Amino acid sequence: MSASIRSVFRKLRGLQFLMAFAAMPCLAQQDRGTILGIVQDTSGSVIAGAAVVVTNQETGREFRLITDSSGLFVAPEIPVGTYRVAASLQGFKTKVQEGIALRVSDRTRLVMTLELGEVKDTVTVTGETPLIEAASNTLGGTIERSQVENLPLNGRDINVLLAQIPGVNLRGNLFQQSMNGLNTGGQSVSLVTFLMDGVDASRVDAQTITITYGRSQNRIARVNAEGVQEFRIYQNSFSAEFGSSTGAAVNIITRSGGNSFHGSAFEFLRNEKLDARNYFNRCTTPGCIQPQKPAFRLNQFGGSLGGPIVKDRAFFFASYEGIRQRTGTTLVSLVPTQAFRDSLPAVLRPVADMLPLPNAGASADPRVAFRNEGRSGFLDEDSGFARVDYDLSDKDRLSARYSANSSLTKTHFGVGTGQIAPSDGLLQNAKITYTRTFNPTLVNEASFAFNRMHIDPRGSIDPTVTAFPVTSVGGMAGIGPALFDLSMVGNSFTSLDTLSWVNGRNQFKFGTQITRNQHNKALFQQKLVSYANLDDFTRNSPSSVGLLGYDRTGLRNTYYNFFVEDNIQATRKLSVMAGLRYQFETSPADANNRQANFDPVTGLDRPGAQLMDMPKTNFGPRLSFAYSPFASGKTVVRGAYGIYYVNFNATLVQNTPINTGRPTVVSLTRVQEPNLVGFPFPDVSSFSGVRTLSAVQRDWNTPYVQNWNFNIQQELAANLRLQVGYVGNKGTHIITPAMELNRFSPGTAIRPHPEFGSISYLRANGISNYNSMQVALTKRLSHRLQFNVNYTWGHALDDSPPIFSANSDDHNVRLDYGTTESDVKHLLSFDYVYEIPAARGLPRWLSEGWQINGLTEMRGGLPINVMCGCDPLHVSQFNSRADFVPGAPPLPSAVDIPNRQLNFAAFTAPPDGRIGNVARGAFRGPAIYNFDFSVFKKFQIERHQFQFRAEFFNIFNTPQFNLPGSITVSPGNFGVSTSTLTTVSNFGTQRQIQFGLRYNF
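For what it's worth, our numbering labels the leading residue of the sequence shown as 1033, then goes sequentially.
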């Protein structure tokens, strides 16, 4: 960035600081909502000058307004909660509506009809929150507190509730068969922003829900379920307040206290004796012995407390959750026999002795035999949350919150000495907000937020083992530590300011957000030794040796965001939102200037603090409308369009060797027996090798997506709403897998840059598109029942496989244009809560308080890529798809999942000179059917409620199979699924049962 540009942004940052703290007027108002409405008489004529009082029923805080000449009133950017709205004018009875539930980002529109009479006469209506979102033009959905508290959640992981929003596929295919991804609108988890009370709560080093290496790996926030009031996903086209992602924004709103004390205590437990057996861990032949189920013990406990500090002025809320998980596994490995150890050279004997002696029978090779050993792993995790809200005056409010999540895991990865890998993590998120209400139409919010991640996965619990080489021997168990021994610390500091101004029919918002990111990481040096087989090990003749690791890096970059937006109540039936967002980010730069980029034209390193030239023209317009065509107000037509940019993921350059000043891996392949003087590690300086590089496109193109949607909401009956819509998007400059910049010329062994080995080159040159129909049927709680049903038909196409995979020909990515790996054409989800009526003739304590709840998810299969495992272009890349065999049916005559899903005889390797003609994602894997169910028994004693819960996950024990093998050079498992899905939230596993006790007051 030029000096002049840096100067401009320094001044802007300083200006924002002055706005936020000198004016002291808070975070972009993304954790609040707006109540607006019309006051009219019984003839429908608007009433100007009416007094309107909006009161928070939990805290007692009031917002006093006067209707304008159009009868319009607006209470802008008030905290989420339950409200009472009262309208009055001399000559009319006072109208009161109670129980107005305001959710995050809602624009709740009311119609207050005043009857002739005395002001002292009051007409009160309870529980009339509008079902139709007549003034809201944001697509997405809200998960409410009642769903968090009642629905069956394995491990109390609220992450799974995201699947109850149309268009969201929580089981997206992030890395082929890994099912831990979140996919929305055909876009991957890396394009989703996760917020807590409106500020970033993603991993500091990547926009992802993966936040620790413990059980909380897939939680969407660093706050436990007890601390969550609600969370909303803004899908497709959302307002100019949100940026930094193209797929969606998930905003978690934390709980706060009120004028009455309320709280909870709970414990949940799971035990493997209650669980069904995994499909692939069972006896399938006559006479075999049923294998033992792996041990699994989980205790999850905690509680919450909230209430007043000073009545009507200051409130607090705090929650805690602890997890104690113990797991068992059986490790079966080949280890050296005593006779083989005795025959080894003296220098190798201590190495072999790091493995235990065999105890479970001989193998085909007499030098090694089986070792069968039971091991246990554990996870200890603690998470806490605290929040304080203080009304300094009628116009000033101060809020602060802090959350922390600490975890420690130990995992056995081998039977050898010290082969236990520990990982500890501490994640923290804090925010302080000051709100100034200058008058009923002018509100300012200023916030400062801090997000920190510290994760330390280590190679072994034994430092002497950590210092030993990672040693692999063909035909024998590995020796030494786990492959990665590293430390990651990330910090982000965010300041935000948003001003909301109501001027007649217009509600303007102006905002800034500046985030400073720090990415500190070290991959500690590890030695690598690899032996092709036992013979080579006996001769101490490794096939390769190497060094893995790089010096500590300290990448820094800054995000600058500015937006303006106008919500216009154009007529009583039409509301329009027009906005513009500008984003700029600085290039990741090492704090000590220890990085460089590679110039593909000159073939030279380009040293300097700035790796890339970042675009300065990232303007994102937003336009949407909501129109109620009929006087009944039971129908609304909505549409939107917007352009959204995604910030650069600094980890994409943090791990690349060129950017850290030396190679990550030095691999020294040997074709002759070297003259080694000892073990465990030879002198690397005695070998020759070439440097492997990674580089990134210098003229960076920021990925962006154009989103659009059109939908109709219709109130079918009291408390029942249907929404049907079209949702689409088009992506440009999507990041594709790294290109091999230094690949061999076809038919030769000559590289363009012979002084280097492989050169990985990261670019943003992909395209994508997505089209879908989304349907949502919502029933609000009435007659003891509430439910949500969502269906999505969609199709996503791109030329960009998952970023850590590869294209068929990375010099021509358009050859891979086809179905996205995460594409799911059919998604159906259903959740429900039903309070069972008391049975007659039974005692009340027995017949009352029963409740059933459920979560159902049905999903079509993920795409299958049939690969040949060959290199038809002769460029040392083995990512080509296969060819069809003419006349051979690709599917078996009788598909038998999990065993027969593809016909091996229908595919072959393509001829030299082209990739295969089987389209990307031409076939589909197994569909998913999952039913979670729970039953409660509640005992109510005045304000105290006790619950006993039984929760059943995958209650019908339906196997959820992974994708089948699809590489033609591996006929053994071609077309066969050999495992079931595994996720941290335990979706897709065999039936699991969880019991719980809960106390609420």
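Glycine included, C-beta positions come from ideal geometry on N, C-alpha and C.
Since we're looking at a predicted model, the values are computed, not measured.
For the set V1898, F1525, T1278, the Cα lying nearest the Cα of F1936 is the one of V1898. Beta-bridge annotation (DSSP): S1408 is paired with G1360.
Annotation: the continuous alpha helix (DSSP H) that includes S1375 extends over 1370-1375. In this chain, the beta strand (DSSP E) harbouring E1299 covers 1294-1303.
Using a Cβ-Cβ distance cut-off of 8 Å, the stretch 1879-1890 and the stretch 1923-1935 are not in contact, since fewer than three pairs of beta carbons, one from each stretch, lie closer than that value. Linking L1163 to A1195 through their CA atoms gives a straight-line distance of about 22 Å. Taking 8 Å as the upper bound for CB-CB distance, I1896 and S1832 are not in contact here, some 18 Å apart.
Beta-bridge annotation (DSSP): A1672 is paired with S1656, N1741. Pairing G1760 with Y1802, the inter-Cα distance amounts to about 5 Å.
At least 7 Å separates the beta-carbon of T1066 from that of R1116. DSSP places Q1818 inside the beta strand (DSSP E), whose first and last residues are 1817-1830. A straight line joining the alpha-carbon of T1618 with that of A1166 spans about 40 Å. The shortest CA-to-CA distance from R1626 to any of R1373, L1612, S1607, R1588 is the one to R1588.
Straight across, the Cα-Cα distance linking T1361 with K1553 is about 31 Å. For the set H1858, L1794, R1753, the Cα lying nearest the Cα of M1805 is the one of H1858.
When secondary structure is reduced to three states using DSSP, W1882 falls in the strand class. Going by C-alpha positions, V1260 is about 9 Å away from I1190. Here DSSP, grouped into helix, strand and coil, assigns R1795 to strand. Taking Y1961 as reference, the option from F1955, F1939, N1986 with the minimal CA-CA separation is N1986. Taking all protein chains in view, the Cβ of A1080 is surrounded by fewer than 16 other Cβ atoms within 10 Å, so the residue is classified as exposed. Classified as exposed, P1784 has fewer than 16 neighbouring CB atoms from the shown chains inside 10 Å of its CB. DSSP places S1137 in no alpha helix (DSSP H); its state is neither H nor E. Excluding its 5 nearest sequence neighbours in each direction, Q2022 has C-beta neighbours in its own chain below 8 Å: D1307, A1308, R1309, N1310, Y1311, N1986, N1989, P1991, T2012, listed in chain order.
Note on geometry: alpha-carbon atoms of I1110 and Q1219 lie some 32 Å from one another.
Between S1840 and N1911 the beta-carbon gap is near 5 Å, inside 8 Å, which marks them as a contact. In this structure, the straight-line span from the alpha carbon of G1123 to that of F1662 is close to 30 Å. Residue pairing of V1917 in beta bridges, as defined by DSSP: absent, with no partner found. In the DSSP assignment, A1384 falls within the unbroken alpha helix (DSSP H) covering 1381-1384. For Q1179, the enclosing alpha helix (DSSP H) has its first and last residue at 1177-1182. Nearest neighbour of N1331 by Cα position, chosen from D1568, E1413, H1765, P1382, turns out to be E1413.
For T2010, no pairing in a beta bridge is given by DSSP. In this structure, G1491 sits away from T1503, with a CB-CB distance that is not shorter than 7 Å. The straight-line gap separating the alpha-carbon atoms of A1672 and L1905 is approximately 45 Å.
Of T1216, D1915, A1781, the smallest CA-CA separation from R1946 is found for D1915. Bounds of any alpha helix (DSSP H) do not take in F1500, whose DSSP letter is neither H nor E.
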